[in-house]
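Asker: The sequence shown lines up with residues 3 to 394 when you count with the numbering used here.
We put the CB at the ideal spot given by N, CA and C, even for glycine.
This is the structure, below, for whatever I ask next.
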Amino acid sequence: MKISKRTLQLKPSPTLAITAKALELKAQGKDIISLSAGEPDFDTPLSIKEAAEEAIKEGFTKYTAVPGILELRKAISRKTLHEKNINYEPNEIIVTCGAKHAIYNFFQCTLNARDEVLIPSPYWVSYPPMVSLAEGTPIIVQLQEKDNFKITPEILKKNISNKTKILVLVSPSNPTGSLYTQEELEKLIPLIREKNLFVLCDDIYESLIYDNKEPAHLLKIDPTLKSQLIHVSGVSKSFAMTGWRIGWACGPHNIIETMGHLQSQSTSNPNSIAQKAALFGITHDIPELEKMKKTFEKRRDFVCDRLSRIKNISFVKPQGAFFVFVNISSFSKDSVFFSQFMLEKAGLAFVPGKEFGLDGYIRMSFANSFEELNEALNRFEKALSTHFIDIK
Ligand SMILES: Cc1ncc(COP(=O)(O)O)c(C=O)c1O
């Protein structure tokens, strides 16, 4: 049997592949520190796990409503009202098998052949293949380090054509940790309106924002954008629940309803027990979460401080999420070569920037203990000074 043309081009997610390679080398007894993880290294809070146990004991183990249990959708509605000052009715909300699933379903339900989707680069690895699978055309919008990897109205305007349908906006961003300010978002709104762009706001890292910054959001600035925007989030990163696979999307009823139809013919409801666990998480005060955020912030400061002392590299200090996107182009423009080299010579696993659409960079995750980060940075610094000595 031949594989379909549609899926033939698909490659496995590179970030998962590198983590797997690092694990394989570790299993062979090699001393590897993986800075490639895309998930918190914290355990899911105990009270959330207990809520899941309770759900199992109660026999909450059957199919649920396809778009998720009403209680959870109501809780998401209250959370969004509280955080973004906007009301979504439960029928404008769908619970999905992770945020990834919400984004996949959204593209499937909104794109026709050759519709263009603007994807600011560096980007999260899954957007381009998801757009292509929905027969859309990913338009990669190259952002620069000097602009803190954020899209400006000028850059946006240059990339809009009469086929443009959707703009992807991620804040804080994976892989750069960049966070849009209210002023920066305000400047984008006239173009979004004029060109009638639909915005996919991927807010999966929204609760991991540092320096006591108030998260800005298009919905908070202009609530009337509700009709041309979808807000995607979930519990994966904010509640250290990546394996539970619970995400959600809030958007116009017709889109959410269609995403529900697609879900009903593909995955059915997200896991019933995980829904109860997520419900507990978002409706209770969970002290571990504040601790997790504080620890990430301290690690971010530690890593940035160490990196700032290394010559010939540069980076934009991340304001959210748990990654630093490091410019290593003065050592090598080939980030795949650089990453393989670091894995072999220094036992360090990074994700090459090329996978995120920008070569000459690596993504360094700080979802690791201080001890590991310290050792990793010692090795990184040493490897750069001994093996790349010629440029010094
Ligand atoms: C920017 C971004 N969006 C969405 C996701 C998917 O999140 P989930 O694990 O909830 O599917 C990720 C996960 O790495 C991500 O980095």
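Mind pulling the beta strand (DSSP E) runs of 3 or more residues that sit fully within the stretch 73–135?
Answerer: DSSP runs (the beta strand (DSSP E)) wholly in the stretch 73–135: 95–98 and 118–123.
Asker: With a floor of 4 residues, list each alpha helix (DSSP H) that falls wholly inside the stretch 161–245, ordered by position along the chain.
Answerer: If we require 4 residues or more, the alpha helix (DSSP H) runs fully inside the stretch 161–245 come out as 184–196 and 220–223.
Asker: Taking only runs of the alpha helix (DSSP H) that begin and end inside the stretch 290–348, which ones reach a length of at least 4 residues, in chain order?
Answerer: Runs of the alpha helix (DSSP H) inside the stretch 290–348: 337–348.
Asker: Under 6 Å from any heavy atom of ligand 1, by CB: list those residues in chain order, please.
Answerer: Taking each Cβ in turn, the ones that pass are Gly40, Gly100, Ala101, Lys102, Trp126, Val172, Asn176, Asp204, Ile206, Gly236, Ser238, Thr244 and Gly249.
Asker: How many Å lie between Glu185 and Ser229 at the Cα?
Answerer: Sequence index remark: in the sequence shown, residue 185 carries index 183 (1-based). Sequence index remark: in the sequence shown, residue 229 carries index 227 (1-based). Cα-Cα distance, rounded: 21 Å.
Asker: Please state the DSSP three-state secondary structure of Gln277.
Answerer: For the purposes of this step, residue 277 is identified with residue 275 of the sequence shown, where counting begins at 1. Looking at Gln277 - three-state DSSP - the assignment turns out to be helix.
Asker: Looking only at its chain, what residues have a beta carbon closer than 6 Å to the beta carbon of Arg75, apart from the 5 residues adjacent to it on each side?
Answerer: In the sequence shown, the residue the question calls residue 75 occupies position 73. Contacts found: Pro92 and Ile95.
Asker: Out of Phe368, Arg8 and Ala19, which one is the CA nearest neighbour of Leu210?
Answerer: The sequence position of residue 210 within the sequence shown is 208, counting from 1. When each option's Cα is compared against that of Leu210, the closest is Phe368.
Asker: Please say whether Cys306 and Val338 have beta carbons closer to each other than 9 Å?
Answerer: Here residue 338 refers to the residue found at position 336 of the sequence shown. Here residue 306 refers to the residue found at position 304 of the sequence shown. No, the Cβ-Cβ distance between Val338 and Cys306 is not below 9 Å.
Asker: For Leu158, which option in Glu208, Val143, Ser36 and Asn150 has the closest C-alpha, if you only look at C-alpha atoms?
Answerer: What you label residue 158 is simply residue 156 of the sequence shown in a count that begins at 1. Looking at the Cα atoms, Val143 is the closest of the given residues.
Asker: Measuring straight from C-alpha to C-alpha, what distance separates Lys59 and Lys102?
Answerer: Here residue 59 refers to the residue found at position 57 when the sequence shown is read from its first residue. Here residue 102 refers to the residue found at position 100 when the sequence shown is read from its first residue. Answer to the nearest angstrom: the Cα atoms are 29 Å apart.
Asker: For Leu227, tell me which candidate among Leu190, Asn214 and Ser334 has the shortest Cα-Cα distance.
Answerer: Position 225 of the sequence shown holds residue 227. That would be Leu190, whose Cα lies nearest to the Cα of Leu227.
Asker: Express the C-alpha separation of Arg116 and Ala47 in angstroms, rounding to a whole number.
Answerer: As a working mapping, residue 47 is identified with position 45 in the sequence shown. As a working mapping, residue 116 is identified with position 114 in the sequence shown. Position check: residue 47 holds Pro in this sequence, whereas Ala was assumed. Approximately 44 Å, taken between the alpha carbons.
Asker: Express the C-alpha separation of Gln277 and Val318 in angstroms, rounding to a whole number.
Answerer: The count along the sequence shown starts at 1 and reaches residue 318 at position 316. The count along the sequence shown starts at 1 and reaches residue 277 at position 275. Cα to Cα, Val318 sits roughly 36 Å from Gln277.
Asker: Since Ile206 and Ser235 are thought to touch, with beta carbons under 8 Å apart, how far apart are those beta carbons, to the nearest angstrom?
Answerer: Your numbering for residue 206 matches position 204 in the sequence shown. Your numbering for residue 235 matches position 233 in the sequence shown. Contact holds; Cβ gap of about 6 Å.
Asker: Write down the C-beta distance between Phe108 and Ile257 rounded to the nearest angstrom, noting that I regard them as a contact closer than 8 Å.
Answerer: Mapped onto the sequence shown, residue 108 falls at position 106. Mapped onto the sequence shown, residue 257 falls at position 255. That belief holds up - the Cβ atoms of Phe108 and Ile257 are roughly 7 Å apart, short of 8 Å.
Asker: Per DSSP, which one or two residues make a beta bridge with Gln144?
Answerer: Along the sequence shown, read from residue 1 onward, the residue named residue 144 stands at position 142. Partner(s): Ser123.
Asker: Under the DSSP definition of a beta bridge, which residues are partnered with Val353?
Answerer: For this step, residue 353 is matched to residue 351 along the sequence shown. Paired residue(s): Arg365.
Asker: Using a Cβ-Cβ distance under 9 Å, would Ser209 count as near chain B?
Answerer: In the structure shown, chain B cannot be found, because there is only a single protein chain.
Asker: Among the candidates Leu37, Lys23 and Ser38, whose CA atom is the shortest distance from the CA of Gly31?
Answerer: Translated into the one-based positions of the sequence shown, residue 31 becomes position 29. If we check each option's Cα against that of Gly31, Lys23 comes out closest.
Asker: Which same chain residues, not among the five before or five after Lys394, have their C-beta less than 8 Å away from its C-beta?
Answerer: Working through the sequence shown from its first residue, we reach residue 394 at position 392. Low per-residue confidence applies at Lys394: pLDDT is 47, beneath 50, and the placement is therefore not dependable, though the value from the model is reported in the following sentence. Contacts found: Lys313, Asn314 and Ser387.
Asker: Please state the DSSP three-state secondary structure of Thr139.
Answerer: Against the sequence shown, residue 139 aligns to sequence position 137. Looking at Thr139 - three-state DSSP - the assignment turns out to be strand.
Asker: Per DSSP, what are the beta-bridge partners of Thr35 in this structure?
Answerer: Translated into positions along the sequence shown, residue 35 becomes position 33. Looking at the sequence provided, one finds Ile at residue 35 rather than Thr. Answer is Leu350.
Asker: Check this for me: beta carbons of Asn271 and Ala39, under 9 Å apart or not?
Answerer: Your numbering for residue 271 matches position 269 in the sequence shown. Your numbering for residue 39 matches position 37 in the sequence shown. Contact flag unset, no.
Asker: Helix, strand or coil for Ala251 per DSSP?
Answerer: Start at 1 with the first residue of the sequence shown, and residue 251 comes out as number 249. Of the three classes helix, strand and coil, the one that applies to Ala251 here is strand, per DSSP.
Asker: Between Ser310 and Pro155, what straight-line distance do the alpha-carbon atoms span, to the nearest angstrom?
Answerer: Indexing the sequence shown from 1 puts residue 310 at position 308. Indexing the sequence shown from 1 puts residue 155 at position 153. The alpha-carbon atoms of Ser310 and Pro155 are separated by roughly 30 Å.
Asker: Would you mind sorting Phe340 into buried or exposed? The rule is 16 or more other CB atoms within 10 Å of its CB.
Answerer: As a first step, residue 340 is located in the sequence shown; it is residue number 338 there, counting from the start. Buried, because 16 or more other Cβ atoms sit within 10 Å of the Cβ of Phe340.
Asker: Is it buried or exposed, Pro124, if we count other Cβ atoms within 10 angstroms and call 16 or more buried?
Answerer: On the sequence shown, position 122 is the one that residue 124 refers to. Classification of Pro124: buried, given that the 10 Å Cβ count is 16 or more.
Asker: By the 10 Å Cβ neighbour count, where 16 or more other Cβ atoms means buried, how is Thr98 classified, buried or exposed?
Answerer: Reading the sequence shown from its first residue, position 96 is the one you call residue 98. Buried, since its Cβ has 16 or more Cβ neighbours within 10 Å.
Asker: Taking only three categories from DSSP, how would you classify Phe358?
Answerer: Position 356 of the sequence shown, counted from the start, is the residue given in the question as residue 358. Three-state result, Phe358: helix.
Asker: For the putative contact between Val201 and Leu187, defined by C-beta atoms under 8 Å, what is the C-beta separation to the nearest angstrom?
Answerer: For the purposes of this step, residue 201 is identified with residue 199 of the sequence shown, where counting begins at 1. For the purposes of this step, residue 187 is identified with residue 185 of the sequence shown, where counting begins at 1. About 10 Å; that fails the 8 Å criterion.
Asker: Quick one: grab the DSSP three-state call for Lys394.
Answerer: Within the sequence shown, the letter at position 392 stands for residue 394. Model confidence at Lys394 stands at a pLDDT of 47, short of 50, so the residue's coordinates are unreliable; what they give is reported in the following sentence. Residue state, collapsed to three classes: coil.
Asker: What is the DSSP secondary structure of Ala22, counted as helix, strand or coil?
Answerer: Walking along the sequence shown from the start, residue 22 turns up at place 20. Residue state, collapsed to three classes: helix.
Asker: Going by DSSP in three states, Ile50 sits in which element: helix, strand or coil?
Answerer: Residue mapping note: residue 50 aligns to position 48 of the sequence shown, counting from 1. In this structure, Ile50 counts as helix in the three-state DSSP scheme.
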